[in-house]
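What follows is a single structure, written as structure tokens, with notes after it.
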Amino acid sequence: MLKCSGVHVAYGKREVLRGVSFELEGGAMLAVIGPNGSGKTTLLRAVVGGVGVTSGEIALNGAPVGSLSPRARARMSAYAAQRGGVAFAFTVREVVEMGGLSILALPGLVDEVLADLSLEEVASARISTLSIGQQQRVSLARVLVQARAQRASGGKSLILVDEPTSAMDPFFAHRAMSVLQGEARAGSAVVVVLHDFGLAERWCTHGLVLDESGVVRAFGPIAESVTPAMLEEVFKMRFAQIRVPHDGGEARVTVPVRPTN
Ligand code: ADP
12 MLKCSGVHVA YGKREVLRGV SFELEGGAML AVIGPNGSGK TTLLRAVVGG
62 VGVTSGEIAL NGAPVGSLSP RARARMSAYA AQRGGVAFAF TVREVVEMGG
112 LSILALPGLV DEVLADLSLE EVASARISTL SIGQQQRVSL ARVLVQARAQ
162 RASGGKSLIL VDEPTSAMDP FFAHRAMSVL QGEARAGSAV VVVLHDFGLA
212 ERWCTHGLVL DESGVVRAFG PIAESVTPAM LEEVFKMRFA QIRVPHDGGE
262 ARVTVPVRPT N
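Letter by letter, the sequence shown follows residues 12 to 272 in this note's numbering.
Pasting the structure below:
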């Protein structure tokens, strides 16, 4: 569904992504991990055509993203930026409805998504009156409406979300990841930028680790790519793994160790 081949991106003379290659199919959920400034947001923007590549190619369902019209892109991908993107004068319901505008109106879809993210009670509230964590739930809801409308119309659907849970409380952070996992299981490919490795390890199928120079240091199944050794290299600090109950069994979760220890 998504194929990046030797992608380089620069802002002016400054190269930010250097030779990024990976492939993602529907059903997969990819955590993009890396230090501040490593190019995670730039990668998502390049995939949705918001920034051009200087060399290499990004293909969406076989077509180079640069060759797709905005409308064609809106039918196969749904993107939630880290900040902004949410019009403050609108109500929650209006913003969530916008997700389906370019595709088709599905009866009940908006209400279904509002319920998935417990937004029913604030549906008539203006975005400007919500907390940042609640606004993140609204951004995610808009993307979910778009992705479900894409799949319902028979299309392939790529979801890209940039730090969707950074201001959410733990309950909603896990709810958000669970809902995104549901989208992947329904056939979408999901790309999620995360700094919370515990969320990545428990919910994502794959990991992609960028270093500070915008080079991919690891890509593959989550347990093989997001390892303490790899994180120590790119974040230049120590990590430890703890075991937590998960899905009736146990999961290993990587946590940072205080730098002076
Ligand atoms: P990340 O999401 O990993 O924190 P970004 O992709 O946002 O990293 O940014 C990567 C680098 O590119 C940073 O050094 C940032 O300052 C720079 N950058 C991002 N956007 C722009 C822009 N529009 N113009 C110039 N430089 C930019």
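We treat Cβ as the ideally placed atom computed from N, Cα and C, and that holds for glycine.
Check whether the Cβ atoms of residue i and residue j lie closer than 9 Å to each other.
i: Val172; j: Val202; result: yes
i: Val91; j: Leu151; result: Just to set this straight, residue 91 is Ala in the shown sequence, not Val. Contact: yes.
i: Leu205; j: Val31; result: no
i: Ala200; j: Leu41; result: yes
i: Gly77; j: Ile69; result: yes
i: Leu210; j: Met188; result: yes
i: Asp207; j: Thr176; result: yes
i: His257; j: Ser236; result: no
i: Val154; j: Ala89; result: yes
i: Lys14; j: Glu34; result: yes
i: Glu26; j: Gly225; result: yes
i: Gln93; j: Glu174; result: yes
i: Leu117; j: Arg186; result: no
i: Gly198; j: Arg162; result: yes
Kindly list the residues whose CB is nearer than 6 Å to the CB of residue i, restricted to its own chain and excluding five residues on each side of it in sequence; keep chain order.
i: Gly287; result: The structure shown does not extend to residue 287, since the chain spans only 12 to 272, so no value can be given for it.
i: Gly17; result: Gly30, Ser32 and Gly67
i: Trp214; result: Met188 and Gln192
Based on the DSSP secondary-structure assignment, which residues constitute the bridge partners of residue i?
i: Lys51; result: Per DSSP, none; premise fails for Lys51.
i: Ser177; result: DSSP output for Ser177 lists no bridge partner at all.
i: Ala91; result: Val172
i: Gly218; result: Ala42 and Gly231
i: Glu14; result: Residue 14 is actually Lys in this sequence, not Glu. Glu34 and Ala70.
i: Val20; result: Leu28
i: Pro75; result: Ala70
i: Ala200; result: Leu169
i: Thr102; result: Arg137
Could you name the residues of the same chain whose beta carbon sits closer than 7 Å to that of residue i, not counting the 5 residues immediately before and after it, in chain order?
i: Leu120; result: Gly111, Val156, Arg159 and Ala160
i: Arg263; result: Glu212, Gln252 and Arg254
i: Gly166; result: Arg86 and Met87
i: Val64; result: Val18, His19, Val20 and Ala57
i: Gly144; result: Ala178, Met179, Asp180 and Phe183
i: Met109; result: Arg153
i: Ser49; result: Leu221, Asp222, Glu223 and Gly225
Who are the Cβ neighbours of residue i in its own chain at under 8 Å, not counting the five residues just before and after it?
i: Arg228; result: Val220, Leu221, Asp222, Met241, Glu244 and Val245
i: Met248; result: Pro267, Val268 and Pro270
i: Glu261; result: Arg254 and Val255
i: Thr102; result: Ala134, Ser135, Ala136, Arg137 and Ile138
i: Asn72; result: Met12, Met87 and Lys167
i: Glu131; result: Asp122 and Leu125
i: Ser142; result: Ala178
i: Val59; result: Val76, Arg84, Ser88, Tyr90 and Leu171
Given the structure, does residue i come close to ligand 2, in the sense that its CB is under 8 Å from one of the ligand's heavy atoms?
i: Gln161; result: The model on display carries ligand 1 but not ligand 2.
Let me see if you follow: with CB-CB separation under 9 Å, is residue i close to chain D or not?
i: Leu28; result: Looking at the structure shown, chain D is missing, and only one protein chain is on hand.
Which residues count as close to ligand 1 when the rule is a CB under 5 Å from any of its heavy atoms, in chain order? Cβ-based neighbours of ligand 1 within the cut-off: Tyr22, Val27, Asn47, Gly48, Ser49, Gly50, Lys51, Thr52 and Thr53.
Every unbroken beta strand (DSSP E) within the region 233 to 269, with a cutoff of 3 residues, ordered by chain: For the region 233 to 269, whole beta strand (DSSP E) runs of length 3 or above, ordered along the chain, are 250 to 257 and 260 to 267.
At which residue ranges does the region 104 to 149 contain complete alpha helix (DSSP H) runs of 4 or more residues, listed in the order of the chain? Counting only runs of 4 or more, we get 120 to 127.
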